[in-house]
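Chains as they are written, first to last, in my numbering: chain A, 3 to 110; chain B, 3 to 110. Here the structure is laid out as structure tokens; the discussion comes afterwards.
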DNA sequence: CGCACTACTCCGTGATACTGTGTAGTGGTA
DNA sequence: TACCACTACACAGTATCACGGAGTAGTGCG
């Protein structure tokens, strides 16, 4: 798939929120998960900027744990604000995708 | 619907391509059409920057016509490159939306 | 000891939608 | 005439976001 970066703006953060909501996890693993899910070109640098942003915006709770497989990991879990933001994201996604699909189908 | 601007990045241009592909039209009318379609916050300034970009990238053919209802209008129509770009846009949209929906549904 | 893999940080870049302001043409109305 | 509303386009500046690249560290394997 050729370049999706522009299309991912605003949605990738929501995807990360969704992944975190499933289980407490960390940056490196989130990147691998996104790659598995078809977001093949998403790299670590991108995910870490999103995670720092989530932390700065108070949407996640962060816990540092030793790894055994390398440096310590920063585990992320959604707090209440994070769960609300995740809800808002899905509402927006639903809204947008329905409008786009309507436009595709003739826009009537 | 609260702010969709980030989510629109990369998709709004495709929407404009789709609208133009339906009929030769002009900036002001495209803005109204987008508003009707549910992209309520999209304003003229945004549409004109997209149209200028499409023209600069050689995806449209432009024809100036007098209006009778105000200043002359610049009508836009897709050329071959524009039709190809439109195709690529829908392929990308299909790819992205299917991945996101899969993630939403549990990501398996 | 070097290399691969894991794991995080940070600075800069490019693309995009948006904001605000300005210009201009037409028509209605007081 | 003077004013306003609606139509129609242009452009400079801003914010946000994903990404690239480089660097730092920890573990284990040959």
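The beta-carbon is built from N, C-alpha and C at its ideal position, and this holds for glycine as well.
Beta-carbon proximity of residue i to residue j, cut-off 9 Å
i, j, result
"residue 10 of chain B", "residue 45 of chain B", "no"
"residue 91 of chain B", "residue 101 of chain A", "no"
"residue 105 of chain A", "residue 20 of chain B", "yes"
"residue 53 of chain B", "residue 87 of chain B", "no"
"residue 3 of chain B", "residue 94 of chain A", "yes"
"residue 23 of chain B", "residue 98 of chain B", "no"
"residue 18 of chain A", "residue 64 of chain A", "no"
"residue 29 of chain B", "residue 6 of chain A", "no"
"residue 26 of chain A", "residue 77 of chain A", "yes"
"residue 56 of chain B", "residue 84 of chain B", "yes"
Paired residues, beta bridge with residue i - DSSP
i, result
"residue 65 of chain B", "B/77"
Where residue i sits in the DSSP three-state scheme
i, result
"residue 13 of chain B", "coil"
"residue 27 of chain B", "strand"
"residue 49 of chain B", "helix"
"residue 18 of chain B", "helix"
"residue 59 of chain A", "coil"
"residue 39 of chain A", "coil"
"residue 54 of chain A", "helix"
Residue i, enclosing alpha helix (DSSP H) - first and last residue
i, result
"residue 91 of chain B", "82 to 106"
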